[in-house]
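Colleague:
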Amino acid sequence: MPELSSPTDQSPDPPRVRDARAVLSQAHRDLVSITKARLSILVVITTLCGYVAATIGGGAPFRWGLMTHLLIGTVLAAFGSAVFNQLMEVDADARMTRTSDRPLPARRMPPAFAFVLGWLLAAFGIIHLAMKVNPSAAAFAGATLVSYLFVYTPMKRRSSGNTLIGAVSGALPPLIGWAGGGGHILSWGSAYWFLVLFFWQLPHFVAINWMYREEYERGGFVMWSNGDETGGRTAKLALLFSVAVMLLPILPVATHQTSVWFLIPGMVSGFLMVWLAWRFHRSRERRDARTLFFFTLLYLPIVLVASLLAWRTGAA
Numbered sequence: 048m049p050e051l052s053s054p055t056d057q058s059p060d061p062p063r064v065r066d067a068r069a070v071l072s073q074a075h076r077d078l079v080s081i082t083k084a085r086l087s088i089l090v091v092i093t094t095l096c097g098y099v100a101a102t103i104g105g106g107a108p109f110r111w112g113l114m115t116h117l118l119i120g121t122v123l124a125a126f127g128s129a130v131f132n133q134l135m136e137v138d139a140d141a142r143m144t145r146t147s148d149r150p151l152p153a154r155r156m157p158p159a160f161a162f163v164l165g166w167l168l169a170a171f172g173i174i175h176l177a178m179k180v181n182p183s184a185a186a187f188a189g190a191t192l193v194s195y196l197f198v199y200t201p202m203k204r205r206s207s208g209n210t211l212i213g214a215v216s217g218a219l220p221p222l223i224g225w226a227g228g229g230g231h232i233l234s235w236g237s238a239y240w241f242l243v244l245f246f247w248q249l250p251h252f253v254a255i256n257w258m259y260r261e262e263y264e265r266g267g268f269v270m271w272s273n274g275d276e277t278g279g280r281t282a283k284l285a286l287l288f289s290v291a292v293m294l295l296p297i298l299p300v301a302t303h304q305t306s307v308w309f310l311i312p313g314m315v316s317g318f319l320m321v322w323l324a325w326r327f328h329r330s331r332e333r334r335d336a337r338t339l340f341f342f343t344l345l346y347l348p349i350v351l352v353a354s355l356l357a358w359r360t361g362a363a
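Using our numbering, the letters of the sequence shown correspond one by one to residues 48 to 363.
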């Protein structure tokens, strides 16, 4: 008489299929992690903003095909940069709880594979921009990659000023789009798109520094929050940078890049950031640093969208 199988033994998929799916699922998660795909979305969005602003301002005509090539090249270069960054910081990532499960420190991905992957992504991205968009866009993408990997990344272990250098790297993607859209490189328009990303990153990363200060110290990184047990220095920096963020919308209005009404969303949202930074300055509590951090995530899309809606024709 045949043996009856129990309900728990019955599955729509045989074990080998389930194992294969688990392996593929983990491989997908590792690729998302090694390329920092979620962070790269920000790079794509800010690049797109630079492109749209340049075309509105009278640069090159808006073209869907060109925009698509611009975003493809940018995201490939961003992916490659992220891979190389994790190759350079694998030992530090292994010491920090929040990064120890990344593919390289967890030894789920061979470094040689990551090295080849990084080269292919970065090279194809920059070459694609040069061939399908223009050399200026490719040059800004290359400058982003070089400053991020060869200045900011090693500086994180040597000087707390690394955040300023990292903010320069993070502020270059809008200029990739600006150049791709035919905007003048040395103009008030390009200066604004660079500065809005530069200053936004500072309170954003100061809040992160404070929230994960023990992790950064364990990883061997020299941050503004290192040794700041009371949070006084970190909170003052957060407040100072937030004031700069609040005042920045005056620049595009004064230089006739945007309409006057841009001051309303720009300065009101900036004032809210200053208020949250002041609250963090008074309390020195992790919860207030976290609130400031999350507000910076809300602030950026508000200001980017408002900037584009208020952008003037001829401001490229």
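Where a beta carbon is used, it is the ideal one built from N, C-alpha and C, also for glycine.
1. Report, in whole angstroms, the separation of the C-beta atoms of Val137 and Pro152, which I expect to be a contact under 8 Å.
2. Counting C-beta neighbours from all protein chains within 10 Å, is the total for Ser72 16 or more, i.e. buried, or is it exposed?
3. Determine the closest residue to Val215 out of Trp247, Gly228, Arg329 and Gly230, with distance taken between C-alpha atoms.
4. What number of angstroms, rounded off, separates the C-alpha of Val350 from the C-alpha of Met293?
5. Who are the near neighbours of Asp275 in its chain, counting only those whose CB is closer than 7 Å to its CB and skipping five residues on each side?
6. Thinking C-beta only, is Pro299 closer than 7 Å to Tyr391?
7. From Leu113 to Leu123, what distance separates their C-alpha atoms?
8. Rounded to whole angstroms, what is the Cα-Cα separation between Arg142 and Tyr263?
9. Go through its chain and collect everything with a Cβ distance to Ile173's Cβ below 6 Å, but skip five positions before and after it.
10. Would you call the CB atoms of Phe252 and Thr210 closer than 7 Å?
11. Out of Thr93, Leu192 and Arg149, state which residue places its alpha-carbon closest to the alpha-carbon of Ala170.
12. Under DSSP, the alpha helix (DSSP H) around Asn209 begins and ends at which residues?
13. Determine contact between the region 310 to 330 and the region 222 to 238, defined as no fewer than three beta-carbon pairs at a distance below 8 Å.
14. Whole angstroms are fine: how far does the CA of Leu134 sit from the CA of Leu95?
15. Could I get the ranges of all uninterrupted alpha helix (DSSP H) runs contained in the region 238 to 286, with 4 residues as the minimum, in chain order?
16. In this structure, what does DSSP give as the bridge partners for Thr121?
17. Going by DSSP, name the residue or residues bridged to Trp322.
18. Shortest alpha-carbon distance to Phe268 belongs to which of Ser206, Trp235 and Gly97?
19. Once DSSP output is grouped into helix, strand and coil, what is the label at Thr305?
20. Measuring only the C-alpha atoms, how far is Arg359 from Val321?
21. Since I believe Pro250 is in contact with Leu339 (beta carbons under 8 Å), could you give me their beta-carbon distance rounded to a whole number of angstroms?
22. Hey, quick one: how far does the alpha helix (DSSP H) through Gly165 stretch, first residue to last?
23. Which partner residues of Trp358 appear in the DSSP bridge assignment?
24. How should Trp308 be labelled, buried or exposed, when 16 other C-beta atoms within 10 angstroms of its C-beta is the threshold for buried?
25. My output table needs one value for Val140: the three-state DSSP class, helix, strand or coil.
26. Quick check on the DSSP output: the alpha helix (DSSP H) that includes Arg85 runs from which residue to which?
27. Measure how close the beta-carbons of Thr121 and Pro182 come, nearest whole angstrom, since I'm counting them as under 8 Å.
28. Can you tell me whether Ser206 is helix, strand or coil according to DSSP?
29. Of the residues Val79, Ser330 and Pro108, which one's Cα is nearest the Cα of Met156?
30. Within 10 angstroms of its Cβ, does Ala74 collect 16 or more other Cβ (buried), or is it exposed?
31. Using the three-state DSSP reduction, which class does Leu196 fall into: helix, strand or coil?
Modeller: According to the data block:
1. Right, the Cβ-Cβ distance comes to about 5 Å (below 8 Å), so this counts as a contact.
2. Its Cβ having fewer than 16 others within 10 Å, Ser72 is exposed.
3. Trp247
4. 11 Å
5. Same-chain partners within the cutoff: Thr281.
6. Given that the chain is displayed from residue 48 to residue 363, the structure contains no residue 391 and the question cannot be resolved.
7. 16 Å
8. 9 Å
9. Ala124, Ala185, Ala188 and Gly189
10. In this structure, Phe252 places its C-beta atom within 7 Å of the C-beta atom of Thr210.
11. For Ala170, the nearest C-alpha among the options comes from Leu192.
12. Asn209 to Ala218
13. no
14. 28 Å
15. For the alpha helix (DSSP H) assignment, the uninterrupted runs of no fewer than 4 residues enclosed by the region 238 to 286 are, from N- to C-terminal side, 260 to 266.
16. None, per the DSSP bridge assignment.
17. In DSSP, Trp322 forms no bridge with anything.
18. Across the set Ser206, Trp235 and Gly97, the C-alpha of Ser206 shows the shortest separation from the C-alpha of Phe268.
19. strand
20. 28 Å
21. 6 Å
22. Pro158 to Lys179
23. Thr305
24. When all chains shown are included, Trp308 counts as exposed.
25. Note that residue 140 is Asp in the sequence shown here, rather than Val. Helix at Asp140.
26. Ala84 to Ile103
27. Actually they are not in contact, since the Cβ atoms of Thr121 and Pro182 sit about 15 Å apart, beyond 8 Å.
28. coil
29. Val79
30. Only exposed fits Ala74, as fewer than 16 other CB atoms lie within 10 angstroms of its CB.
31. helix
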